[in-house]
Every structure is written in structure tokens, then in C-alpha cells.
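Below: one structure, written as C-alpha cells.
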Amino acid sequence: MTGPLSIVGIPGSLREGSRTRMAVEVVLRGAAEAGAATQLIDLREYDLPLCDGSGELARYHAGLLELRKQVAPAQGIVLGTPEYHGSVSGALKNALDLMGFPEFEGKVVALVGVSEGPGGARHALEVLRHVGRALHAWVLPRASAVPGAATVFDATGRVIDAGVEADLLALGRELAQSAALRRDGPPEEFLRRWERQVSNPGADNDVRPITRGGASGYARPS
Ligand SMILES: Cc1cc2nc3c(=O)[nH]c(=O)nc-3n(C[C@H](O)[C@H](O)[C@H](O)COP(=O)(O)O)c2cc1C
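Quick look at the structure:
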């Protein structure tokens, strides 16, 4: 070990009383239970400019420099997004566009999506998965999708739904444990854990492709 594990959470909603922020806080609580030092990054505090693609902003914009300084040392990152018109919030995408490899490459990333409707921000979660891949992050196969947000949290940010709370806490613990293995190794153990992530009932069979003798198709091994 080289010091406590650091996990930051970035909710992509700027709204007062944001349920995405509440959900990210629960994931961070799960990570803290697993021994990580955690920090909520509130994008409202950084007065971020719009990404203009020039890279110049990172040289002088105080808020952006501060954001990058907070995120870069973390070994694990929680990205939380509300579903906005079937995708990620602009605030989060802009913040991600203002950062890059120094903040994300090789990091373990957990995704949480929150929607008012029944979809659980599943479209936004898929977009974030692509963004994580582009930034060379290890995006955990398991993500938390929280539909019907108004019925899940109360006004104080407490989770009313015990099942959702358990899911968010488990995501945080998984993030901390995977990020610790990614940092401290051994690498084979990290990869073994990765291969044992969320179960996929459709993959749970012993059918193997037939490759011998020019035959093609699938059969159970004898
Ligand atoms: C611009 C905008 C677009 C939205 N689009 C969707 C949507 O496509 N599907 C959905 O279920 N909810 C949608 N919502 C509702 C949000 O997902 C919901 O209010 C969520 O709880 C917002 O997160 P917050 O509480 O963190 O601000 C939208 C809200 C806004 C403001």
C-alpha cells in the first residue's frame, strides 16, 4: 500500500437538491466503508468555462486547474449523471471534455445514472461508458441505474428505498476494492476480479464453438 486509497465522486447535476448528487454520496459512502478516503466534487464550485477545444483554458483558468488538481490523484472515480433528453448532462460532459488522460487513464470508474422516469438513465450510462473507454479508464461492468428518483430519496438526501441504497453501497465497495487492486496489484488478481464482475445468465453455459475438422457451430464439450 502507498497511502490511503483516494476516490472522488462527480455528480453531473448542478441542481440544488440534486438526486444524482445524493446517489453519488451513497456510492462514496460504500467506498469509505471499504476503507477509501472519499471526496465529493461539486461542479458548481469551479466556475467552469465551456470547453473550446483549444487546450488553452487548462493553462490559466483557476477553477479548471483546481478541478484537475482534485481529480488527478484519485485512484477511483464515481461519475453520476441524470438522464437529460436520453443522454448525459451537458455539465458533466463539459467537465469531462475539460479533463483528459491525466485524470482518467488507468483509473477505475464507477457509473451511476438517475432518472425521473422508469429508464434509470440507461442511455446516459452507455454514453459515459464510451467516454470512459475513450479516456482509457477501467469502467466497472456493473453500474447503478436509479429510475423513479423522486420516490427513492427524501428531501434531505436520505435513500428511502433500501434496495437502491444496498446497490449504490455495493457499487462503492466494488469501486474501492477494484481500485485498490489496480493500484497495489498483483495485476492478475485485478484481472481475475474483473472477470468475476456482474453475472450474465446468458453466458452461464458450457457451450463451446466447434472448430475442429472444418465443422462450424456450437456443441457442449464431451
Ligand atoms: C433537460 C432535462 C432533460 C431530462 N430528460 C429526461 C429524460 O430523457 N428521461 C427521464 O427519465 N428524465 C429526464 N429528465 C428528468 C431527470 O432525469 C430527473 O429530474 C433527474 O432526477 C435529474 O437529476 P437531479 O435530481 O440530479 O437534478 C430530464 C430533466 C431535465 C432538466
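Convert by adding 129 to the 1-based position in the sequence shown; the result is the number in the numbering used here. The beta-carbon is built from N, C-alpha and C at its ideal position, and this holds for glycine as well. Computed from a predicted model, the values in this text were never measured in an experiment.
Beta-carbon proximity list for residue i, same chain, < 7 Å, skipping 5 on both sides
i	result
Arg251	Gly242, Ala274
Val217	Gly141, Thr210, Ala253, Val256, Leu257
Leu143	Leu172, Arg173, Ala220
Leu157	Ile136, Gly138, Thr167, Leu169, Val207, Gly301
Arg271	Leu300, Glu303, Gln326, Val327
Gly159	Leu297, Leu298, Ala299, Leu300, Gly301, Arg302
Ala161	Thr167
His190	Pro178
Asp176	Gly192
Contacting residues, own chain, Cβ-Cβ under 6 Å from residue i (five flanking each side not counted)
i	result
Gly261	Val238, Val268
Leu320	none
Arg148	Val243, Ala278, Phe282
Cys180	Asn223, Asp226, Leu227
Arg150	Pro140
Glu234	His265
Leu240	Leu208, Leu254, Leu257, Ala272
Ala165	Leu134, Ile136, Ala305
Gly286	Met151
Gly132	none
Ser351	Residue confidence for Ser351 is low, a pLDDT of 48 falling below 50, so the modelled location carries little weight and cannot support an answer.
Whole-angstrom C-beta distance between residue j and residue i, which should lie under 8 Å
i	j	result
Arg312	Leu134	7 Å
Ile136	Gly205	4 Å
Leu297	Val155	4 Å
Pro247	Pro276	5 Å
Ala284	Gly146	7 Å
Sequence-distant residues of its chain with Cβ nearer than 8 Å to residue i (five each side left out)
i	result
Thr194	Looking at the sequence provided, one finds Leu at residue 194 rather than Thr. Excluding residues within five positions, the ones whose Cβ falls inside 8 Å are Ala187.
Phe231	For the sequence presented, residue 231 should be read as Pro rather than Phe. Arg197, Ala201.
Thr280	Ile289, Asp290
Ser307	Gly205, Val237, Trp267, Leu269, Phe319, Arg322, Trp323
Gly331	none
Gln199	Val137, Gln168, Ile170
Glu294	Val155, Val288
Bridge-paired residues (DSSP) for residue i
i	result
Glu135	Here the sequence assigns Ser to residue 135, which means Glu is not the residue at that position. BP columns for Ser135 point to Ala166.
Pro211	Val243
Pro121	What is shown of the chain runs 130 to 351, which leaves residue 121 out entirely.
Ser216	Tyr213
Cβ of residue i within 9 Å of any chain C Cβ
i	result
Val293	Reference to chain C is not applicable here, since this structure consists of a single protein chain.
Taking only runs of the beta strand (DSSP E) that begin and end inside the segment 227–300, which ones reach a length of at least 3 residues, in chain order? 237–243, 273–275
Starting from the N-terminal side, write out each stretch of the alpha helix (DSSP H) that is 4 residues or longer and does not extend beyond the segment 300–333. 316–324
Within the segment 179–208, ranges of the alpha helix (DSSP H) (whole runs, at least 4 residues): 186–189, 191–200
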